[in-house]
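Undergrad: Using my numbering, read the sequence shown as starting at 13 and increasing by one per residue.
Where a beta carbon is used, it is the ideal one built from N, C-alpha and C, also for glycine.
Here the structure is a predicted model, which means the values were calculated and not measured.
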Amino acid sequence: MLDEQAKKTLLRKIPHGLFICGVKDGDEFNGFTASWVMQASFEPPLVVNCVRKDSGSNAMIQNSGVFTLSFLEEGQKDIAAQFFKPKRRVGNKFEDLAADDAPATGCPVLQDCLGYVECRVVGQVEHGDHTVFVGEVIGAKVHRDGNPLLLESTGWQYGG
Numbered sequence: 013m014l015d016e017q018a019k020k021t022l023l024r025k026i027p028h029g030l031f032i033c034g035v036k037d038g039d040e041f042n043g044f045t046a047s048w049v050m051q052a053s054f055e056p057p058l059v060v061n062c063v064r065k066d067s068g069s070n071a072m073i074q075n076s077g078v079f080t081l082s083f084l085e086e087g088q089k090d091i092a093a094q095f096f097k098p099k100r101r102v103g104n105k106f107e108d109l110a111a112d113d114a115p116a117t118g119c120p121v122l123q124d125c126l127g128y129v130e131c132r133v134v135g136q137v138e139h140g141d142h143t144v145f146v147g148e149v150i151g152a153k154v155h156r157d158g159n160p161l162l163l164e165s166t167g168w169q170y171g172g
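(1) Using the Cα positions of C125 and F54, report the straight-line distance between them to the nearest angstrom.
(2) Should P120 go down as buried or exposed, given a rule of 16 or more other Cβ atoms within 10 Å for buried?
(3) Among the candidates S165, A18, L23 and V60, whose CA atom is the shortest distance from the CA of C33?
(4) Can you tell me where the beta strand (DSSP E) with R132 in it begins and where it stops?
(5) Look at S69 and F31 and say whether their C-beta atoms are less than 8 Å apart.
(6) Can you tell me whether DSSP reads K19 as helix, strand or coil?
(7) Would you decide whether G147 is buried or exposed? Buried here means 16 or more other CB atoms lie within 10 Å of its CB.
(8) Return the residue from the list G158, F106, T80 and K89 that minimises the CA-CA distance to G167.
(9) Roughly how far, in whole angstroms, is the beta-carbon of V117 from the beta-carbon of V78, given that I think they are within contact range, below 8 Å?
Set out below in structure tokens:
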């Protein structure tokens, strides 16, 4: 029998970085705060990015087959919070931030971050309420050295 409280407590102890996932489909673009992200392979270089099935960004990744991950630095909690809000409610989340179109994918990336990776979707799994996208890293750029923003340092919880 599953102890729901124990499950929730322990799953919330899995460490997570916070990233801004940039997506683009045609002329439409968006970004959202991603925390269920990890490296999955050295060769080829793969990352896993889990995205809510009912989000517009999920549909955009499904259609375009690409996404970016901008690595937030500790102290950038306000940026992570800005990207938690749905686009349909707040509009262009990149409007007040310096952002570029990544060269390989055209997806938006933040200038004020540790750096970014660009990914082409090479696989996906659809079970539960998130799609697990496997992305091959096809581009990367380091902006600066620093410590990543971690979910547990914000006092927020996304899991359990």
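TA: Short version:
(1) Straight-line spacing of the CA atoms in C125 and F54 works out to 23 Å.
(2) Buried, by the Cβ-count rule.
(3) V60
(4) G127 to H139
(5) no
(6) helix
(7) buried
(8) Comparing Cα positions, the closest option is K89.
(9) One detail in the question is off: residue 117 reads as Thr in this sequence, not Val. Contact holds; Cβ gap of about 4 Å.
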